[in-house]
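Our numbering numbers the first residue of the sequence shown as 219 and each following residue consecutively. Think of the CB as a built atom: it goes at the ideal place given N, C-alpha and C, for glycine as much as any other residue. All remarks here apply to the structure that follows.
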Amino acid sequence: MNVVFISPHFPEYYHNFCSRLKDRGVNVLGVGDCPYDMISDDTKNSLTEYYYVGSLENYDEVYRACAYFSSHYGKIDWIESENEYWLELEATLRRDFNVTTGPQIQDMRCMKFKSAMKEVYKSAGLKVADYIKLDTLDEALEFTKKNGYPVIVKPDNGVGATHTYKLKDDEELKDFYNHKQDYIDYILEDFVPGDVVTFEGVTDKDKNILFSTSHFMDTSIMDTVNDASDIYFHSEPVEGKPIYEIGEKVVKAFDTRSRFFHFEFIKLSEDKPGLGRKGDLVPLEVNMRAPGAFIPDMMNYAYDVDTYTIWADMMIYNTCFYEIERKYYVGYVGRRLGIDYELSDAEVADKYREYIKIEADIPQVLAQAEGNHVFIFRAKTKAKLNEITKAIIAHKKKKAAPKKAVKKTVKAVAKKVEKVKEPVKEAVKEPVKKTVKAVAKKVEEVKEPVKTVIEETVKTVEKKKEPVKKTVKAVTKKVEETKEPVKAVVETKKEEVKAAVEDTVKVVEEKKEELKEVVKKSPRARKAVKKPRHKSKKR
């Protein structure tokens, strides 16, 4: 059997899918965008061969990789990635290499688009939250008039809670609409009060569930992503529970043949008209791949099985060889950088050593939804699991002074103030009184001299006022007296200048004729006229 596995190196623990196949004699052919020297030894050892491509987004490169494998190993039987992001790539490759084990490209819409998922839910007789595609603001506002607030807005085709928001009023809706990413198609849906509950497992080629479990999300993924808060959740039994019944309906409604699946539901925290009563499960979305965030490993620890082996046996033998029996509750806590916790990571690991199964740092690209540092632990009882969870997520608090001590201190200070109030009052009374008197006396002393100076200054100004006024009048009169004589002189001189200019012009004209006669009689002048200087003879 030949299995092409897309991106076997990421997430880091996905080499487990490959190694279980290889251990069973399957040719596991990896295609990835990480150079071979940089992938882990676990990944290298889990593969028969690895083909490096510059980018998994470049279909031509990935196609050539599969063509190479096909020419060297024969027909490809399976093409898998167990990664939401590469589902459409898988389906396109299946079409081009005639691989029939797995969803085809025409099946992708109802597996990727939330609006299409809702239609499949309805066809199976399941109730879903009312929604519209977010095209115009007017339509969105009309929807909220009908359904009220809050509402949820999210990408029609999206992974996790990225670009997902809870809007509380018209103002928030308008703000979102005016600033939304234009390249993303959104849906707007009625808010459903409750908690997210998952249902995941593995099916055979006839959609029979070989193995399944459930997890209860103690925190909202949407809030965790948007608020960068701690994320924690835990496993729950499914045997004989409503989650199994509704989960089985969804398995039958979608193309889940020979699949690892991961479904999400909302468990109503209150009655919701048109959807159900408190405690009922409302379908949210489907994922036709393995769950992320180490959930396959959590499934292992809850049942003491190997989920990767169950998946590999399904592909090879179409069956599960394990006796499925739940033994533990398993918890997940994703801590955030920058938060001061009561217990350090090392203290948590030391205190709960016997319960902790995995402790790991999460790559930044996944940390938004999974946390930066993860603890996975298990316990026989839910009470013990809750105790460990609370200890890991506990934040340090600023120590406040005890209430009684604060009250006592306030009383003591008040008493002290009362004791010193009168002595202080008496102590400052006489000095202040003396100072006020001294200042008043000083004011009286300078009052008369200042008054005298002001009066003398006013008198001086008055004395100077009349002479200045007389001088201004005299100057004005003198200007008026001289204005006409000056004007007459200017006019007289103007005529004299004009006559002088005319006489000068007449003299120049007379002399001009005399100069002409002189020039004519000059021999040098005649020669110059006959032979211009700027022309020379050739020698």
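*Among residues of its own chain, excluding the 5 on either side of Lys470, which ones have a beta-carbon nearer than 8 Å to its beta-carbon?*
As a first step, residue 470 is located in the sequence shown; it is residue number 252 there, counting from the start. Same-chain partners within the cutoff: Ala342 and Lys425.
*First and last residue of the uninterrupted alpha helix (DSSP H) at Trp304*: Numbered from its first residue, the sequence shown carries residue 304 at position 86. First-last for Trp304: undefined, no H or E at that position.
*Would you tell me roughly how many angstroms separate the C-alpha atoms of Ser476 and Ser430, rounded to the nearest one?*
Position 258 of the sequence shown, counted from the start, is the residue given in the question as residue 476. Position 212 of the sequence shown, counted from the start, is the residue given in the question as residue 430. Computed Cα separation, rounded: 14 Å.
*C-beta contact flag for Val456 and Ser487 at 7 Å*: Counted from its first residue, the sequence shown places residue 456 at position 238. Counted from its first residue, the sequence shown places residue 487 at position 269. No. Outside cutoff.
*Inspect the CB distances between the stretch 315-322 and the stretch 332-350 and report whether three or more fall short of 8 Å.*
no
*Can you check whether the CB of Met335 is closer than 7 Å to the CB of Glu503?*
Position 285 of the sequence shown, counted from the first residue, corresponds to residue 503. Position 117 of the sequence shown, counted from the first residue, corresponds to residue 335. Contact flag set, yes.
*So, is the C-beta of Leu344 closer than 7 Å to a C-beta in chain B?*
Among the protein chains of the structure shown there is no chain B, as only one such chain exists.
*asked:* Relative to the C-alpha of Val592, which candidate in Asn444, Lys598, Ile580 and Glu463 has its C-alpha closest?
replied: The sequence position of residue 592 within the sequence shown is 374, counting from 1. Of the listed residues, the one whose Cα sits closest to Val592 is Ile580.
*Report the residue from Tyr559, Asp563, Pro411 and Ala530 whose alpha carbon sits nearest the alpha carbon of Gly497.*
Taking the first residue of the sequence shown as position 1, residue 497 is located at position 279. Looking at the Cα atoms, Pro411 is the closest of the given residues.
*asked:* So if DSSP puts Val216 in a beta bridge, which residue, or which two residues, is it bridged to?
replied: Look at the range of the chain in this structure, 219 to 757, and you will see that residue 216 is not part of it.
*Select from Gly589, Leu265 and Tyr270 the residue whose C-alpha is nearest the C-alpha of Cys252.*
As a first step, residue 252 must be located in the sequence shown, where it is residue number 34. It is Tyr270 whose Cα lies nearest to the Cα of Cys252.
*C-alpha gap between Val468 and Leu555, whole angstroms*: Residue numbering aside, residue 468 sits at position 250 when the sequence shown is read from its first letter. Residue numbering aside, residue 555 sits at position 337 when the sequence shown is read from its first letter. For Val468 and Leu555, the distance between alpha carbons rounds to 38 Å.
_So, for Asn375: in the same chain, excluding its five sequence neighbours on each side, which residues have a beta-carbon less than 8 Å away from its beta-carbon?_
Working through the sequence shown from its first residue, we reach residue 375 at position 157. Closer than 8 Å at Cβ, skipping near neighbours: Lys330, Phe331, Lys332 and Asp403.
*asked:* Contact between the stretch 557-565 and the stretch 517-533 is defined here as three or more beta-carbon pairs at a separation below 8 Å; is this criterion met?
replied: no
_Continuous beta strand (DSSP E) assignments of at least 3 residues falling wholly in the stretch 526-607_ = 547-553, 574-579 and 591-597
_Can you list, in chain order, the residues of its chain with a C-beta nearer than 7 Å to that of Leu352? Leave out the 5 residues immediately preceding and following it._
Locating residue 352 in the sequence shown gives position 134, where the first residue counts as 1. Hits under 7 Å: Ala358, Val371, Tyr404, Ile405 and Leu406.
*Among the residues of its own chain, which have a CB less than 7 Å from the CB of Val624, if the five just before and after it don't count?*
Stepping through the sequence shown from its first residue, residue 624 is reached at position 406. Caution applies to Val624, whose pLDDT of 48 falls short of 50 and renders its modelled position unreliable; the value that the coordinates give is listed next. The answer is none, since no qualifying residue turns up.
*Of all the options Ile513, Pro229, Arg312 and Glu275, which has the alpha carbon lying nearest to the alpha carbon of Gln582?*
Within the sequence shown, residue 582 is the residue found at index 364, counting from 1. It is Pro229.
*Can you list, in chain order, the residues of its chain whose CB lies under 7 Å from that of Phe361, leaving out five sequence neighbours each side?*
Within the sequence shown, the letter at position 143 stands for residue 361. Taken in chain order, the residues that qualify are Ile350 and Leu406.
*Count the other C-beta atoms from every protein chain shown that fall within 10 angstroms of the C-beta of Ala285, then say buried if there are 16 or more, exposed otherwise.*
Here the question's residue 285 lines up with position 67 in the sequence shown. Exposed: under 16 other Cβ atoms inside 10 Å.
*What's the C-alpha gap between Thr525 and Leu603?*
Counted from its first residue, the sequence shown places residue 525 at position 307. Counted from its first residue, the sequence shown places residue 603 at position 385. In a straight line, the C-alpha of Thr525 is about 22 Å away from that of Leu603.
*Less than 7 Å separating the beta-carbons of Pro368 and Lys384?*
The count along the sequence shown starts at 1 and reaches residue 368 at position 150. The count along the sequence shown starts at 1 and reaches residue 384 at position 166. Closer than 7 Å, so yes.
*First and last residue of the beta strand (DSSP E) that includes Glu407?*
As a first step, residue 407 is located in the sequence shown; it is residue number 189 there, counting from the start. Glu407 -> beta strand (DSSP E) spans Tyr404 to Asp408.
_Three-state secondary structure (DSSP) of Lys351_ = Position 133 of the sequence shown holds residue 351. The answer is strand: DSSP assigns Lys351 an E or B state.
*Counting only runs of 4+ residues fully inside the stretch 419-483, write out the alpha helix (DSSP H) ranges in chain order.*
439-445 and 460-471
*Apply the 10 Å Cβ neighbour rule to Leu256 and answer buried if 16 or more other Cβ atoms are within range, or exposed otherwise.*
Residue 256 sits at position 38 when you count from the first residue of the sequence shown. The identity of residue 256 in the sequence shown is Met, whereas the question assumes Leu. Flag for Met256 reads exposed.
*Comparing alpha-carbon positions, which option in Leu307, Tyr546, Ser258 and Tyr570 lies nearest His452?*
Your numbering for residue 452 matches position 234 in the sequence shown. Among Leu307, Tyr546, Ser258 and Tyr570, the Cα nearest to that of His452 belongs to Tyr546.
*Under a three-way DSSP split, which group does Ile224 fall into?*
On the sequence shown, position 6 is the one that residue 224 refers to. Note: Ile224 maps to strand in three-state DSSP.
*Neighbour-count burial assignment, Gly272, 16 or more Cβ in a 10 Å radius*: The residue given as residue 272 occupies position 54 in the sequence shown. By the 10 Å Cβ count, Gly272 comes out exposed.
*Please state whether DSSP places Arg757 in a helix, a strand or coil.*
Locating residue 757 in the sequence shown gives position 539, where the first residue counts as 1. Any reading at Arg757 must be qualified, since the residue scores a pLDDT of 32, below 50, and its modelled position is unreliable; no value is offered.
*Helix, strand or coil for Pro514 per DSSP?*
Counting from 1 along the sequence shown, the entry for residue 514 is found at position 296. Residue state, collapsed to three classes: helix.
*If you draw a straight line from the C-alpha of Ile606 to the C-alpha of Glu572, how long is it?*
Here residue 606 is taken as the residue at index 388 of the sequence shown, counted from 1. Here residue 572 is taken as the residue at index 354 of the sequence shown, counted from 1. CA-to-CA, the gap between Ile606 and Glu572 works out to about 11 Å.
*asked:* Going by C-alpha to C-alpha distance, which of Asp400, Lys363 and Gln399 sits closest to Lys386?
replied: If you number the sequence shown from 1, residue 386 lands on position 168. Comparing Cα-Cα distances from Lys386 to each of Asp400, Lys363 and Gln399, the minimum goes to Lys363.
*Between Lys423 and the rest of its own chain, which residues show a CB-CB distance below 6 Å, the 5 nearest in sequence each way excluded?*
Reading the sequence shown from its first residue, position 205 is the one you call residue 423. Arg475, Ser476 and Asn536.
*Alpha carbon to alpha carbon, how far is Lys688 from Lys695? Give it in angstroms, no decimals.*
Along the sequence shown, read from residue 1 onward, the residue named residue 695 stands at position 477. Along the sequence shown, read from residue 1 onward, the residue named residue 688 stands at position 470. Roughly 11 Å separates the two Cα atoms.
_Inter-residue spacing [alpha-carbon to alpha-carbon] between Asn263 and Glu418_ = Working through the sequence shown from its first residue, we reach residue 263 at position 45. Working through the sequence shown from its first residue, we reach residue 418 at position 200. Straight-line Cα distance between these residues: approximately 28 Å.
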